[in-house]
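Trainee:
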């Protein structure tokens, strides 16, 4: 319990991180990306711009215009603001089929700024990370239950053995 649960937790976190990293695609120096694949769920687009410029990205999936689901009204319609004054901007798209994703990005407030890279993390899922917490918890509680059962069984067995010694004693 004290060894298996932490090892399981660390292993599952590392495997899910490596899986996310292996699916990542980065295209340096371009302002557009075209990717054909099977999309199942949430895809994250990360755009880096020079001069800390804000970025606007227009995206189409199988020829239909799609909007970013960045979760904030100020980020609607494919715009990403820059709250921390860094050069990275994130766009979230929910895609659930096979198709071609085309994204073209451009700086919106600085004419001298350029797009330095575009990266995409397709098919993000928190399932493996949630499983990394649930499975070791189940292992831990199972181990704790077995530990309690073992202590109770050992005490009962010791009591029975002591009673047997007393009942079968020569000096009784």
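Numbering (UniProt numbering), first residue to last: 1 to 172. Virtual Cβ for every residue (Gly too), placed ideally from N, Cα, C. Just so it is clear, the structure is predicted and the values come from calculations on it, not from any experiment.
Between residue 150 and residue 14, what straight-line distance do the alpha-carbon atoms span, to the nearest angstrom?
Mentor: Against the chain shown, residue 150 aligns to sequence position 150. Against the chain shown, residue 14 aligns to sequence position 14. Residue 150 and residue 14: Cα-Cα distance of roughly 33 Å.
Trainee: Does the stretch 95 to 104 come close enough to the stretch 50 to 62 to have 3 or more Cβ pairs within less than 8 Å?
Mentor: Flag = yes, the stretch 95 to 104 and the stretch 50 to 62 touch.
Trainee: Mind checking whether residue 43 and residue 122 have CB atoms under 9 Å apart?
Mentor: Within the chain shown, residue 43 is the residue found at index 43, counting from 1. Within the chain shown, residue 122 is the residue found at index 122, counting from 1. Cβ distance < 9 Å, so residue 43 and residue 122 count as in contact.
Trainee: Out of 155, 17 and 49, which has the shortest C-alpha to C-alpha gap to residue 199?
Mentor: Limits of the chain in this structure are 1 at one end and 172 at the other, which puts residue 199 out of reach.
Trainee: Can you find a heavy atom of the ligand MN that lies under 8 Å from the Cβ of residue 91?
Mentor: In terms of ligand content, the structure shown is empty, and the ligand MN therefore cannot be addressed.
Trainee: Mind reading off the beta-carbon distance from residue 91 to residue 45? Whole number of angstroms is fine, and I expect it under 8 Å.
Mentor: On the chain shown, residue 91 is found 91 positions in, with the first residue counted as 1. On the chain shown, residue 45 is found 45 positions in, with the first residue counted as 1. Right, their Cβ atoms sit about 4 Å apart.
Trainee: Could you say which of 126, 34, 156 and 56 lies nearest to residue 20 if we only look at CA atoms?
Mentor: Residue mapping note: residue 20 aligns to position 20 of the chain shown, counting from 1. If we check each option's Cα against that of residue 20, 126 comes out closest.
Trainee: Hey, could you find the ends of the beta strand (DSSP E) residue 88 is sitting in?
Mentor: Here the question's residue 88 lines up with position 88 in the chain shown. Looking at the DSSP string, the run of the beta strand (DSSP E) that includes residue 88 is 88 to 95.
Trainee: Ordered along the chain, which non-local residues of its own chain (more than five positions away) have a Cβ less than 8 Å from that of residue 139?
Mentor: As a first step, residue 139 is located in the chain shown; it is residue number 139 there, counting from the start. So the qualifying residues of the chain are 1, 4, 5 and 8.
Trainee: On the criterion of 16 or more Cβ atoms from any shown chain inside 10 Å, does residue 72 qualify as buried, or is it exposed?
Mentor: As a working mapping, residue 72 is identified with position 72 in the chain shown. With a pLDDT of 43 at residue 72, under the threshold of 50, the modelled position of that residue is not reliable, and no figure is offered here.
Trainee: Which residue or residues does DSSP assign as beta-bridge partners of residue 60?
Mentor: Working through the chain shown from its first residue, we reach residue 60 at position 60. In DSSP, residue 60 forms a bridge with 65 and 102.
Trainee: Determine whether the beta carbon atoms of residue 108 and residue 30 lie at a separation below 9 Å.
Mentor: In the chain shown, counting from the first residue as 1, residue 108 sits at position 108. In the chain shown, counting from the first residue as 1, residue 30 sits at position 30. No.
Trainee: Going straight from the alpha carbon of residue 26 to that of residue 137, what length do you get?
Mentor: Taking the chain shown and counting its residues from 1, the one referred to as residue 26 is at position 26. Taking the chain shown and counting its residues from 1, the one referred to as residue 137 is at position 137. Approximately 36 Å between the Cα atoms of the pair.
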